[in-house]
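Have a look at the structure below before the remarks.
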Amino acid sequence: MIYLNPAGLAPFHPDVQQVISRTLDTFSHLLYAEAGIQYYRDTLQECRRTIADWLRLNDEQRLAFMPNTTTACSLVLSRINWKPGNVLLTTTHENATILNEIDKLSDRGVRVIRLDPDVPSGFLPSLERILNEQHIQAIVISHVSHFDGRIFPLTAIQELAESHHTRLIVDGAQAVGHIPVSFQEIYPYAYFFPGHKWCTGPMGTGALIVGNDGHQETQPYWAGYELGTQNIGLIAGFAKACHLKAQQDPHNHILEQVREEWKVCLGHYPGIRIIEWEGAHAPGILSFACLDEHTEQAMHTLSSSHSIAWKTLTHPSYPSNLSIRISWTTDTSNIDIRSTLALFSSRSKE
């Protein structure tokens, strides 16, 4: 199989599997004896520190371990004292599972505004206008769009949110491990991300970075969000994956070079429209829309006949067309990338 969907699930490093197995094996010989409890606590804190150091998070106690981003989002939203008539602002580019959590707030009388992020020059003024017109309790937005990899101007959004006393909640699922993320530069109300995508860690892992609001000095920040017993084997694997990511160049130019090659290749393919905006894009994602039924069928045939795994979706800008998202990391086989580019090149000449 040619796998071009690490934005959905990335295979993890053999070292990660070894750490998971070794941690669980050690704990299985201790369990909840006094030594086991200490090993459990020490392991969680060591993993918390490893990931916090990578993200330049000054206080690792702000990092809570999560099983996934949907759970993190649900917990964050549940901690806000919503009242009928409150307003939440989000975009049309959010993941469906996050939107489901947001939509549940309508039962409590919360109104949701979904803003279309067409171009940066239009998006930010629209966001500011809405903030000026009415009080927004929270903004929920992706750092990087899962639809097409556009990077939202988080620093500018953060400044607007702060000036209007609005909570900023960020879904970093397509950002952490993909583009540079530093909590020396951003400090939202909440930021969450999974371990199994760009961090290349195991499924069932993730992290939530929590802000100051609601902190009780009698307990660490994470204590109000980590519910029940954690799987320290998976968390140890997650931390190991983040440690391996920390050894890589955060500004990976190889990914950007591959993206440019895809753009050139797809630009010669009739019936395909590359989906971009005027702002920044994450280097390991490129999406395109199929503008006619013939192209749609050709893409289905190409995928099935050559066992290519990519993400099919309905993009907000092309609601009537099939869109496809391809993604890659430095671990993606160069042979897979070259052979797929060659397949597109040959079909574009037919």
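Quick note: the sequence shown uses my numbering, first residue 1313, plus one each step.
Where a beta carbon is used, it is the ideal one built from N, C-alpha and C, also for glycine.
Values in this document were obtained by computation on a predicted structure and should not be read as measured data.
Throw me the rounded Cβ distance for the residue 1446 and residue 1392 pair, which I believe falls under 8 angstroms.
Actually they do not touch by this definition, with Cβ atoms about 17 angstroms apart.
Quick one: grab the DSSP three-state call for residue 1326.
Looking at residue 1326 - three-state DSSP - the assignment turns out to be helix.
Beta strand (DSSP E) containing residue 1463: first to last residue?
Element bounds for residue 1463: n/a, residue is neither H nor E.
So residue 1611 is in the alpha helix (DSSP H); what residue range does that whole segment cover?
Residues 1605-1617.
What do you get for residue 1372, buried or exposed, if any count of 16 or more other CB atoms within 10 angstroms of its CB means buried?
Classification of residue 1372: buried, given that the 10 Å Cβ count is 16 or more.
Do the region 1409-1422 and the region 1545-1558 make contact, defined as three or more Cβ pairs closer than 8 angstroms?
Touching, no, given that fewer than three Cβ pairs across the two stretches are closer than 8 angstroms.
Cβ of residue 1425 within 8 angstroms of Cβ of residue 1452?
Not closer than 8 angstroms, so no.
Are residue 1569 and residue 1377 touching if we call contact CB-CB under 8 angstroms?
It is not a contact, given that the beta carbons lie outside the stated cut-off.
Which stretch, first to last residue, makes up the beta strand (DSSP E) that contains residue 1518?
It spans 1518-1522 - the beta strand (DSSP E) in which residue 1518 sits, taken as one unbroken run.
If you reduce the DSSP assignment to three classes, tell me which class residue 1401 lands in.
Residue 1401: strand per DSSP, three-state reduction.
Measuring straight from C-alpha to C-alpha, what distance separates residue 1531 and residue 1523?
So the alpha carbons of these two residues sit roughly 14 angstroms apart.
For residue 1506, list the residues DSSP reports as bridge partners.
1518, per the DSSP bridge assignment.
At what residue ranges does the region 1546-1587 contain a whole run of the alpha helix (DSSP H), taking only runs of 4 or more?
Here the runs fully enclosed are 1565-1579.
Report buried or exposed for residue 1323, applying the criterion of at least 16 other Cβ atoms within 10 angstroms of its Cβ.
Burial call: exposed.
Can you give me the Cβ contacts of residue 1365 inside the same chain, cut-off strictly under 7 angstroms, excluding the 5 residues immediately before and after it?
Closer than 7 angstroms at Cβ, skipping near neighbours: no residue.
Under the three-state reduction of DSSP, which class applies to residue 1483: helix, strand or coil?
Three-state result, residue 1483: strand.
Nearest CA to the CA of residue 1463: which residue from 1320, 1637, 1588 and 1615?
Minimum Cα distance to residue 1463 is reached at 1588.
In this structure, how does DSSP classify residue 1526 when only helix, strand and coil are distinguished?
Confidence in residue 1526 is poor, its pLDDT being 49 and thus under 50, which makes the residue's placement too unreliable to answer from.
Could you name the residues of the same chain whose beta carbon sits closer than 7 angstroms to that of residue 1537, not counting the 5 residues immediately before and after it, in chain order?
1376, 1387, 1520 and 1522.
In angstroms, rounded to a whole number, what distance separates the CA positions of residue 1583 and residue 1465?
Rounded to the nearest angstrom, the two C-alpha atoms are 31 angstroms apart.
Just to confirm, is the Cβ distance from residue 1407 to residue 1337 under 8 angstroms?
No, the Cβ-Cβ distance between residue 1407 and residue 1337 is not below 8 angstroms.
Is residue 1387 helix, strand or coil by DSSP?
Helix.
Quick check on the DSSP output: the beta strand (DSSP E) that includes residue 1600 runs from which residue to which?
1597-1602 is the extent of the beta strand (DSSP E) around residue 1600.
Between residue 1627 and the rest of its own chain, which residues show a CB-CB distance below 8 angstroms, the 5 nearest in sequence each way excluded?
Closer than 8 angstroms at the Cβ level, and outside the excluded window around residue 1627, lie 1459, 1460, 1587, 1599, 1601, 1633 and 1635.
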